[in-house]
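Student: Below is the structure I would like to discuss, written out as structure tokens.
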Amino acid sequence: MATTVFHTVLNRKNYDDWSYQIETYMLAEDLLDVLHQVRPITENEEISKAWKRKDAKALYAIWNSCGDDTYSLIKRATTAKQAWDALSDELKKPSEPSDENEKKSVLHAYPPGTTPPLAGKGWTEERDPTFAEYVKSDDWGNVINCLRKNSQAGSETLPFVRSGTVLHYAIQKNCSVRIIQQLMEKMEEEHLDITDDDGLTALHLLIRDYPERFEIAESMVKKNNRFVTNSPPLFLVPFVVEAQEKPNGEMMARSLYSLTPHEALKVPYAARLITLGFNFNRPDIALDLIQHYPKLAMAIDCNGNIPLVTLASKHLAFKSGSRLGLWEKLIYFGVCIKPLPLISNQMLSNKEENQRPLSDQKENQGHLISSGINRIYKMKLMHEQVQQFLPLMCKVSKEILTAKKGSTSYYKRKKLEEALLVAVEQGHVEYITHFFEDFSYPVHYMNDKRQSLYQIATECRHHKVYNLIYALSHSDKIQEIVGTKDKFGNNMLHTVASITSLSHIYHIQGAALQMQRELQWFKEVESIANPKDCEAVNKKNMTPREVFIENHKEMWKEAENSMKETATSCTVVGALIVTIMFAAVFTVPGGNNGDTGLPTFLTKKVFMAFVFSDAISLFSSTTSIIMFLGILTSRYSQDDFYKSLPTKMMIGLFTLLLSIASMMVVFSCALYIMLDGKLSIVIASILIASVPVTSFIWIQFPLLVDIFISTYGPRMFGENKTTWFRFLCDL
-6 MATTVFHTVL NRKNYDDWSY QIETYMLAED LLDVLHQVRP ITENEEISKA WKRKDAKALY
54 AIWNSCGDDT YSLIKRATTA KQAWDALSDE LKKPSEPSDE NEKKSVLHAY PPGTTPPLAG
114 KGWTEERDPT FAEYVKSDDW GNVINCLRKN SQAGSETLPF VRSGTVLHYA IQKNCSVRII
174 QQLMEKMEEE HLDITDDDGL TALHLLIRDY PERFEIAESM VKKNNRFVTN SPPLFLVPFV
234 VEAQEKPNGE MMARSLYSLT PHEALKVPYA ARLITLGFNF NRPDIALDLI QHYPKLAMAI
294 DCNGNIPLVT LASKHLAFKS GSRLGLWEKL IYFGVCIKPL PLISNQMLSN KEENQRPLSD
354 QKENQGHLIS SGINRIYKMK LMHEQVQQFL PLMCKVSKEI LTAKKGSTSY YKRKKLEEAL
414 LVAVEQGHVE YITHFFEDFS YPVHYMNDKR QSLYQIATEC RHHKVYNLIY ALSHSDKIQE
474 IVGTKDKFGN NMLHTVASIT SLSHIYHIQG AALQMQRELQ WFKEVESIAN PKDCEAVNKK
534 NMTPREVFIE NHKEMWKEAE NSMKETATSC TVVGALIVTI MFAAVFTVPG GNNGDTGLPT
594 FLTKKVFMAF VFSDAISLFS STTSIIMFLG ILTSRYSQDD FYKSLPTKMM IGLFTLLLSI
654 ASMMVVFSCA LYIMLDGKLS IVIASILIAS VPVTSFIWIQ FPLLVDIFIS TYGPRMFGEN
714 KTTWFRFLCD L
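Below, the structure is given as structure tokens:
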């Protein structure tokens, strides 16, 4: 605090001078009484207000005269007397000794024999350290010796680990496996049950802080199997569930699950294990539990979640939700996953046999780590396992679909309907396929916008789900479904004409191909709609075609600019190639024969390859220029992006790439003829010249492939859509 009243700012060394100035100031301002007296208790309101004003003025003066280090002593004071007394107690020097001994001589004040003896290192009177002192100093050799002599020392609670045992301390210090196992060997079994002030055993601490140290957990459970056989306290979950909740607790959960008897797992905790397996992409434990108890798929876990409902929103659980590049797809299809054996309906008596799937997966995974494809392997393993137990889960859910209101089963039914909506929204066709494998498409399932599953699949642009639902629907009901309106008055044509945040189109390369895909969707839905629905208006009084034009204005403009830019740049390249190739015919390598006028190397095969390649390059580049000029002079209507413009772009790119490749052959032949016998120079020159040309082909070739597949490749919407259902059932 700064001061504007006093010349002396209070610090910890000048209290006497400061207090004199303050008292003088208070006397002059008639405020001295509030420093030394308590506020009088009176019913007179005027006297009370006057006292408060004086007290506030005095307190402000004290605050304003304190330095930064002394202000902290009184910043919470509410009266001047509190502030004055606090500073006096802290800073005022005593006027006389407060201790009677300080008035005496040293000999009389502290006579010989009254000082307590010192013991410890360097002194004659010594004692052995206690067990707790050995532990605190990390002297593990002596700690283990103490336990060897007296195993009950393992039950001693230590204040520096919140009343935990030596095992708590060793785990907190992250000691080696050897030390912890030696401690457990010397401790009694019941000592592992001891909890600290937080109610946690040593195993709880291990799972919470070091879930990757599963080998220690195995030893602790083998020492005391009550960890996995007894029910946990009310505020704790089973150890295997706690391990499964940890992001890096996969191996810990596997180990504890293999040691946990199924009869010790209550239904909510078993369901929680399955749900967590889906959340963390660890389906092995889930597969084992569902094979034994399929009804767990629809059980409510301890967090209120249902495993089958949770699975619907997990992208990585399904192949349709995994985005893989070209090389990743090749690796994915090359990885072989051995199907896991399904168990019988009865519980297997041999626990080790029950856990065989877990150990088999572990061995396979370890084998593939060194090959660098472990991530793809784990992904495919997850997909295969989900496909293996998904039919079991879906069969259990069928009895839920007929549940009546007011029952727990009805709550599960509503959750399951929500899960189906999520699965359609995210395009998880495998989930929907297995769920509706034995019965027709449920028309009554709708979201909060009153959209049917078919309308949601259309809005999200998931063509596999669209084809599946078409196959599930009765043919005479299709037009009725397409014409059904949501709460905004939109039928399915209005929906497909709109672009929302759910529309799955931005993975497509370039605005032109996105526009083409949007037209393909619109024309597909238009082909199955009733003619009157094509002209129906929504609540905004707009027809589907008007909605399409309005929602695709920006994409339309971007697609036009993209086409023009690509065509312009490629036209320049094509024109340059035409000029070069035309000139190359009249400046043949080796020149012409002076007598006949024919080329000197006319009889050589390499020369004929030169001429033939030159002709191909010239004609193909000319064709590409014509195609690109056709693009530049196009009307660019929306329907042009459906087939006309993509076809011209595809032909133009193909002929341009062909002309570039032919030009490189011409260049190579010319070098070979001119530098006959010097292959090293020829090869080096060709390789260097190929770098920029190859780069251009490398950049443009993927676009050519995408245009071809999108325009003339396999149709997204098969003419006989019922074949899609049979195909998807085999996924």
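Each residue of the sequence shown is one higher than the one before, counting from -6 in my numbering.
Even glycine gets a Cβ: it sits at the ideal position worked out from N, Cα and C.
Only a predicted model underlies this, so the values are computations on that prediction, with no experimental measurement involved.
1. Are three or more beta carbon pairs between the segment 289 to 299 and the segment 312 to 331 nearer than 8 Å?
2. When you compare the segment 475 to 487 with the segment 527 to 544, are there three or more beta-carbon pairs, one atom per stretch, that lie closer than 8 Å?
3. Indicate the three-state DSSP secondary structure (helix, strand or coil) for E543 in the structure shown.
4. Just the Cα atoms here: how many angstroms apart are N37 and R46?
5. Per DSSP, what kind of secondary structure is N7 in: helix, strand or coil?
6. Under the DSSP definition of a beta bridge, which residues are partnered with M439?
7. Of the residues S251, V684, L151, A210, which one's Cα is nearest the Cα of Q174?
8. Can you list, in chain order, the residues of its chain whose CB lies under 7 Å from that of N531, leaving out five sequence neighbours each side?
9. Excluding sequence positions up to five away, which residues of its chain have a Cβ less than 7 Å from the Cβ of I566?
10. What do you get for T63, buried or exposed, if any count of 16 or more other CB atoms within 10 angstroms of its CB means buried?
11. What would DSSP say about G59, mapped onto helix, strand or coil?
12. Should N713 be labelled buried (16 or more other beta-carbon atoms within 10 Å of its own) or exposed?
13. Could you spell out the range, first to last residue, of the alpha helix (DSSP H) harbouring V214?
14. What's the call for H455, buried or exposed, on a 16-neighbour Cβ count within 10 Å?
15. L151 by DSSP, collapsed to three states: which one?
16. Give me whichever residues DSSP pairs with G157 in a beta bridge.
17. Would you verify that the beta carbon of R155 is, or is not, closer than 9 Å to some beta carbon of chain B?
18. By the 10 Å Cβ neighbour count, where 16 or more other Cβ atoms means buried, how is W717 classified, buried or exposed?
19. Do you know offhand how far H376's Cα is from D469's?
20. If I follow the unbroken alpha helix (DSSP H) through G134, where does it start and stop?
21. For L151, I'd like the list of residues in its chain whose CB is within less than 8 Å of its CB, leaving aside the five on either flank, ordered along the chain.
22. Just confirm the distance between the C-beta atoms of V389 and P287, as a whole number of angstroms; I'd bet it's less than 8 Å.
23. Go to G623, then tell me how far its alpha helix (DSSP H) extends in each direction, as first and last residue.
24. Are there 16 or more other CB atoms within 10 angstroms of the CB of Q284, so buried, or fewer, so exposed?
25. Out of I501, V475, G503, A560, which one is the CA nearest neighbour of A522?
26. Here's the rule I'm using: 16 or more other beta-carbon atoms within 10 Å means buried, otherwise exposed. How should M642 be labelled?
27. Determine, using beta carbons only, whether V221 and F232 come nearer to each other than 9 Å.
28. Taking all protein chains shown into account, do 16 or more other C-beta atoms lie within 10 angstroms of the C-beta of L323, making it buried, or fewer, making it exposed?
29. Where do the ends of the alpha helix (DSSP H) carrying C387 lie?
30. With a CB to CB cut of under 7 Å and the five nearest residues on each side skipped, what residues in its chain are close to E410?
31. Counting Cβ pairs, one atom from each stretch, are 3 or more of them under 8 Å apart for the segment 660 to 680 and the segment 612 to 620?
32. To the nearest whole angstrom, what separates the beta carbons of C387 and H427, a pair I think is in contact under 8 Å?
33. Is it true that the CB of T572 sits closer than 9 Å to the CB of F621?
34. Spatial neighbours of A504 within its chain, please: C-beta separation below 7 Å, excluding the five flanking residues on both sides.
35. Looking at I278 and A305, is the spacing between their C-beta atoms short of 9 Å?
36. For G476, name the three-state secondary structure that DSSP assigns.
Tutor: Taking the definition as stated:
1. no
2. yes
3. Residue numbering aside, residue 543 sits at position 550 when the sequence shown is read from its first letter. E543 falls in the helix class under three-state DSSP.
4. Here the question's residue 37 lines up with position 44 in the sequence shown. Here the question's residue 46 lines up with position 53 in the sequence shown. If I take the Cα positions, the gap works out to 15 Å.
5. Within the sequence shown, residue 7 is the residue found at index 14, counting from 1. Here N7 sits in coil by DSSP.
6. For the purposes of this step, residue 439 is taken as the residue at position 446 of the sequence shown. M439 is bridged by DSSP to S445.
7. By 1-based counting over the sequence shown, the position of residue 174 is 181. That would be A210, whose Cα lies nearest to the Cα of Q174.
8. Translated into the one-based positions of the sequence shown, residue 531 becomes position 538. Counting only Cβ-Cβ distances below 7 Å, and skipping sequence neighbours, we find F481, G482, N483, H487.
9. Here residue 566 refers to the residue found at position 573 when the sequence shown is read from its first residue. Going by the sequence as given, residue 566 is Val instead of Ile. Cβ neighbours of V566 beyond the five flanking positions: L649.
10. By one-based count along the sequence shown, residue 63 stands at place 70. Result: buried.
11. The residue labelled residue 59 in the question sits at position 66 within the sequence shown. In the sequence as displayed, the identity of residue 59 is Cys instead of Gly. Residue state, collapsed to three classes: strand.
12. Walking along the sequence shown from the start, residue 713 turns up at place 720. Confidence at N713 is low in this model, with a pLDDT of 44, below 50, so the placement of that residue is unreliable and no value is reported for it.
13. On the sequence shown, residue 214 is found 221 positions in, with the first residue counted as 1. From DSSP, the alpha helix (DSSP H) with V214 extends over 207 to 216.
14. The sequence position of residue 455 within the sequence shown is 462, counting from 1. Counting Cβ neighbours within 10 Å, H455 comes out buried, since at least 16 surround it.
15. For this step, residue 151 is matched to residue 158 along the sequence shown. L151: strand per DSSP, three-state reduction.
16. Here residue 157 refers to the residue found at position 164 of the sequence shown. L151.
17. Going by chain labels, chain B is absent from the structure shown, which holds only one protein chain.
18. One-based indexing of the sequence shown puts residue 717 at position 724. With a pLDDT of 39 at W717, under the threshold of 50, the modelled position of that residue is not reliable, and the figure given next carries that caveat. Label assigned to W717: buried.
19. Indexing the sequence shown from 1 puts residue 376 at position 383. Indexing the sequence shown from 1 puts residue 469 at position 476. Near 35 Å, if we compare the C-alpha coordinates of D469 and H376.
20. Counted from its first residue, the sequence shown places residue 134 at position 141. G134: member of the alpha helix (DSSP H) spanning 133 to 142, first to last residue.
21. Position 158 of the sequence shown, counted from the first residue, corresponds to residue 151. For L151, where only same-chain residues beyond five positions count, the Cβ hits under 8 Å are A125, V128, K129, G157, T158, V159, H161, Y162.
22. To locate residue 389, count along the sequence shown from 1; it is residue 396. To locate residue 287, count along the sequence shown from 1; it is residue 294. Contact between V389 and P287 holds, since their C-beta atoms are separated by about 5 Å, short of 8 Å.
23. Translated into the one-based positions of the sequence shown, residue 623 becomes position 630. Its alpha helix (DSSP H) spans residues 598 to 625.
24. Along the sequence shown, one-based indexing puts residue 284 at 291. Its Cβ being crowded by 16 or more others within 10 Å, Q284 is buried.
25. On the sequence shown, position 529 is the one that residue 522 refers to. Closest by alpha carbon: V475.
26. Position 649 of the sequence shown holds residue 642. Counting Cβ neighbours within 10 Å, M642 comes out buried, since at least 16 surround it.
27. The count along the sequence shown starts at 1 and reaches residue 221 at position 228. The count along the sequence shown starts at 1 and reaches residue 232 at position 239. For V221 and F232, yes; Cβs fall inside 9 Å.
28. For the purposes of this step, residue 323 is taken as the residue at position 330 of the sequence shown. An exposed status is given to L323, since fewer than 16 other beta-carbon atoms sit within 10 Å of its beta-carbon.
29. Residue mapping note: residue 387 aligns to position 394 of the sequence shown, counting from 1. 367 to 390 is the span of the alpha helix (DSSP H), which, as asked, contains C387.
30. Counting from one through the sequence shown, the residue named residue 410 turns up at place 417. Hits under 7 Å: Y438.
31. no
32. By 1-based counting over the sequence shown, the position of residue 387 is 394. By 1-based counting over the sequence shown, the position of residue 427 is 434. Sure, about 5 Å apart at Cβ, within 8 Å.
33. Taking the sequence shown and counting its residues from 1, the one referred to as residue 621 is at position 628. Taking the sequence shown and counting its residues from 1, the one referred to as residue 572 is at position 579. The beta carbons of F621 and T572 sit no closer together than 9 Å.
34. Counted from its first residue, the sequence shown places residue 504 at position 511. Same-chain partners within the cutoff: M548, E551, A552, S555.
35. Translated into positions along the sequence shown, residue 305 becomes position 312. Translated into positions along the sequence shown, residue 278 becomes position 285. The answer is no: Cβ separation not under 9 Å.
36. For the purposes of this step, residue 476 is taken as residue 483 along the sequence shown, with counting starting at 1. Here G476 sits in helix by DSSP.
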